[in-house]
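Working notes for the structure below.
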Amino acid sequence: MGQRNKATIISCILLLISIAFSNAIDTDINCLKAFKDSMEEDPLEALSTWNFSNITEGYICTFNGIDCWNSNSNRIPGDLANCSFLNVVRLQNNAFSGQIPLNLGRLTRIREFNVANNSLSGPVPVFRNGNISAESYAGNSGLCGGPLPPCEGPVNKTLI
309 MGQRNKATII
319 SCILLLISIA
329 FSNAIDTDIN
339 CLKAFKDSME
349 EDPLEALSTW
359 NFSNITEGYI
369 CTFNGIDCWN
379 SNSNRIPGDL
389 ANCSFLNVVR
399 LQNNAFSGQI
409 PLNLGRLTRI
419 REFNVANNSL
429 SGPVPVFRNG
439 NISAESYAGN
449 SGLCGGPLPP
459 CEGPVNKTLI
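Numbered according to this note's numbering, the sequence shown spans residues 309 to 468.
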């Protein structure tokens, strides 16, 4: 695998890890430590700032590749669409609100996408390579389209 592909995969993994992090609690720190320890190579030194000796709240937010999510936003980031090698996205039970970014439909390798039991609304993305079932959207009464009942009225098709 080429250096560019490795860097892309590492970046996507780091983005996914960052989704769940807003403060440095023990489980988050242990997860990041385990991830760093599991890396055989770090050719771009992406993990060079990952120093676990600091114990101040939110310190992991300063690590390369980690963007701590503003806990007040509760939105699914459209930047996930840039992780072109993603094939599984599990974001159920996270109190997300707003629309699912339609540009996630660009994830051509997606096999599983689950956003059940949030507070999402609006049209769902069309995944060309995935057979995403209605159960993946359960518990979000405001969602429509795709495997769900069709959306009524004009639908905002702007890519978020």
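Beta carbons are placed, not taken as given, at the ideal position from N, Cα and C, and that holds for glycine.
In this chain, the alpha helix (DSSP H) harbouring Phe-343 covers 334 to 346. Looking at the DSSP output, Ser-405 sits in a beta bridge with Ser-427. Counting C-beta atoms within 10 angstroms of its own C-beta, Ser-392 has fewer than 16 neighbours from the protein chains shown and is therefore classed as exposed. In its chain, beyond the 5 residues on either side, Thr-416, Arg-417 and Ile-418 have a beta carbon closer than 7 Å to the beta carbon of Asn-437.
Contact between Asn-372 and Leu-394 does not hold, since their C-beta atoms are separated by about 20 Å, which reaches or exceeds 8 Å. Contact between Asn-422 and Ala-403 fails: their C-beta atoms lie close to 15 Å from each other, not under 8 Å. Across the set Gly-366, Asn-426 and Phe-435, the C-alpha of Asn-426 shows the shortest separation from the C-alpha of Leu-451. DSSP places Val-396 in the uninterrupted beta strand (DSSP E) bounded by 396 to 398. Excluding sequence positions up to five before and after Lys-341, its CB lies within less than 8 Å of the CB of Phe-360, all in the same chain and listed in chain order.
The beta carbon of Cys-459 sits closer than 7 Å to those of Pro-431, Cys-452 and Gly-453, all from its chain and outside the five residues before and after it, given in chain order.
For Glu-420, the enclosing beta strand (DSSP E) has its first and last residue at 420 to 422. Burial check for Gly-366: the Cβ neighbour count within 10 Å stays below 16, so the residue is exposed. Annotated as distal: Leu-428 and Gly-413, with beta-carbon spacing of 8 Å or more.
With a 10 Å radius around the Cβ and a threshold of 16 neighbouring Cβ atoms, Val-397 comes out buried.
Classified as buried, Asn-448 has 16 or more neighbouring CB atoms from the shown chains inside 10 Å of its CB.
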